[in-house]
Every structure is written in structure tokens, then in C-alpha cells.
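Asks: My structure is below; once you've seen it, I'll send some questions.
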Amino acid sequence: MKTVLITGATAGIGKATAQLFAQKGNRIIITGRREERLFELQDAIHQQHKGSCYISSFDVRDRDAVQHALKILPADWQNIDVLINNAGLAVGKESIEEGLYSDWDAMIDTNVKGLLYVTEAVLPLMPNGSHVVNVSSIAGLQSYPGGNVYCASKHAVEGLSNGMRIDLLKRNIKVTSICPGLVETEFSVVRFKGDHAKADATYENINPLTAKDVAEAIVWSVDRPANVHITQVLMMAQQQADAVFVNRELKA
Ligand code: NDP
Ligand code: 8X3
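The structure is reproduced here in C-alpha cells:
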């Protein structure tokens, strides 16, 4: 049984990952800004899996709040075996000349600086032999039209994952980067600022990945034997070749 801290557990990939780790008998710490959703998930985990689940609500962009949240963890939650850096978002899909400062700030502050703040606060609580999983993206490996700053933020996650893997070797801590393609979650509703028609069009005529598909890849990476270090998982939707080529003609 491991203790797993998951950021962004109020929705999508983070929520599915929390449920799967709980189903497998692990103790989980769920985080996010929408506290009411965290309470609902905690209730569901208690009822469905009789699992041990602790709530810590904070905004990953707020460094003081992140440090405080980790500092006040009860003593029996202060040993964290697995950190899942999942909280993240895209905001806007405009061409670079039309981008908004507020969108750029939200993506860089959340996807890059937020991941750093959480990692810095959690690492002192992680024993040798533990595991960090960063939820990156195909956008961390390739850019696509209108992806500019989101892709840059995920390229930074790739750079950080590679650097962390080197720095944490001395503590035997594994670092895995998960790079999914199109996953149908609240991601596109957030990206298009509540425009559900645009969000739905993202997944039109394809079989997108689900949050559970990505959660399974995360849990699989963590559950490998000690001698196996999964450094990166790249996974696409069925009709997706890469960040740009998506076939919407042939939905199976
Ligand atoms: P969702 O929008 O469904 O979930 C995003 C989660 O991130 C929510 O729980 C949200 O919680 C949390 N979050 C966002 N901003 C903050 C913040 N400032 N502080 C704390 N938590 C925050 O999207 P996904 O599940 O799809 O996204 C999860 C991760 O997967 C992201 O990093 C995303 O970039 C990545 N990804 C997504 C893909 C996709 O196609 N969906 C593909 C590849 C990668 P709350 O709002 O309650 O704070
Ligand atoms: C989210 C998926 O389509 O923006 O990372 O690359 S996509």
C-alpha cells in the first residue's frame, strides 16, 4: 500500500487516477481548488473502496498556499510514496499574435510554476525509492496551430521531467512523464472558456482517449517492479497519429 498525492483530482485524469489508486488499496491525498468536488470524491472513495483519503485544497499557483498545505499534513500523511503532478490547463487557442497575457500567465503559472511549487514542497516528504509522475502531453513533444504557449508550457514539463530524473537518481526516485493526445475531459471546455460547441468539436468523429485510459497508464507506470523505470508514456486516440494529424473520416 502506497500513499499517493494527486494534484487536480476534482476532474478528468486526476479524478480517474485517484479512483484507480484507491480501488487498488492505496491511501490517497486529493487536491484541487474546488473543495466541494474533493468532498464528493472522498465520500465516493470511502463508500466504494473503503479507502483512506485526505483532502488538501489549494491553488498550485499560490506558492505560500502550497507550502502551507504540505506543512499542515497530519503526521500519518507525511510520508508520500507517489506524487502525481496532474493539475494543468490550456486557455485559448489563438494564433500567437492574438494571444492574451492573462491566458499565457494562467498556463505558465499553473503548468510550469505550479508543478515546481508542488514538487518542491512534496519532495522532502518522499522517501528514497519513491516516484514522481508528471502529466505532460503530446503538446510537450510537438507544437500545433494555436497551441503555442500551451505547447511551450508542456515542453517545459518535458524538460523538467528529464532534469528531475537526473537530479533524483541519487535518491532512487523514479520520474515518469505521461504524454497523452486527445482525452475527452473538461480540458476543452476550460480551453474554450465555457464554449461547449467548440469543446465538443475537438472530439467530433474520433474515439478520444478517456480519463480512465490515462489513469491506467499512470497506475501501470507506478506499479512496475523496482528495477523497471518507465521514463515516458506516449499515447494517442485511435484516429490520431500525432499532435497535428487526426483522421475524422473513419470513426470505427
Ligand atoms: P480537466 O479540466 O478535466 O482537469 C484539470 C484539473 O486540474 C482539475 O482538477 C483542476 O482542478 C486542476 N487545476 C487546474 N488549475 C489548477 C490550479 N491553479 N490549482 C489547482 N488545480 C488546478 O482536464 P484534464 O483532466 O484533461 O487535465 C489534466 C492534465 O492532463 C493537465 O495537466 C492537462 O494539461 C493534461 N492533458 C490533458 C489532455 C486532454 O486532452 N484532456 C491531453 C494531454 C495532457 P480545480 O479547477 O478544481 O482547481
Ligand atoms: C492536451 C491535448 O490536443 O492540446 O494536452 O495536445 S492537446
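Mapping the sequence shown onto numbering that gives the first Met the number 0, position 167 (from 1) lands on 166, and the numbers just tick up by one. Here a beta-carbon is modelled for each residue, glycine too, at the ideal position from N, C-alpha and C.
(1) Taking the continuous alpha helix (DSSP H) assigned at threonine 209, which residues delimit it?
(2) Determine the direct distance from the alpha carbon of serine 51 to that of glutamine 22, and round the result to whole angstroms.
(3) Is asparagine 110 helix, strand or coil when you go by DSSP?
(4) Does the region 120-138 come into contact with the region 90-105, if we say contact requires no fewer than three beta-carbon pairs (one atom in each stretch) closer than 8 Å?
(5) Quick check on DSSP: helix, strand or coil for histidine 228?
(6) Can you tell me whether serine 291 is buried or exposed? The criterion is at least 16 other CB atoms within 10 Å of its CB, across all chains shown.
(7) In this structure, what does DSSP give as the bridge partners for isoleucine 29?
(8) Helix, strand or coil: how does DSSP classify isoleucine 83 here?
(9) What are the partner residues of methionine 234, as DSSP defines its beta bridges?
(10) What is the DSSP secondary structure of lysine 173, reduced to helix, strand or coil?
(11) Measure the Cβ-Cβ separation of glutamine 238 and valine 232 and say whether it is below 8 Å.
(12) Hey, is alanine 155 close to the ligand 8X3, as in C-beta under 7 Å from one of its heavy atoms?
(13) Could you work out which residue in Leu40, Phe191, Asp58 is closest to glutamate 93 when comparing CA atoms only?
(14) What does the alpha-carbon distance come out to for the pair proline 144 and alanine 242?
(15) Report the start-end ranges of each alpha helix (DSSP H) in the region 116-170 that is 4 residues or longer and not cut off at the edges.
(16) Any chance the CB of valine 189 is under 7 Å from a heavy atom of the ligand NDP?
Replies: Well, looking at it:
(1) Taken as a continuous stretch (DSSP letters only), threonine 209 belongs to no alpha helix (DSSP H), as it is neither H nor E.
(2) 11 Å
(3) helix
(4) A contact is defined here as three or more CB-CB pairs under 8 Å, and the region 120-138 fails this definition with respect to the region 90-105.
(5) coil
(6) No statement about residue 291 is possible, as the shown extent of the chain runs from 0 to 251 and does not include it.
(7) Ile5, Ile54
(8) Under the three-state reduction of DSSP output, isoleucine 83 falls in the strand class.
(9) Pro179
(10) strand
(11) no
(12) Answer for alanine 155: no, Cβ out of range of the ligand 8X3.
(13) Out of Leu40, Phe191, Asp58, the CA that lies nearest to the CA of glutamate 93 is found in Phe191.
(14) Cα to Cα, the separation comes out at about 10 Å.
(15) Runs of the alpha helix (DSSP H) inside the region 116-170: 147-166.
(16) yes
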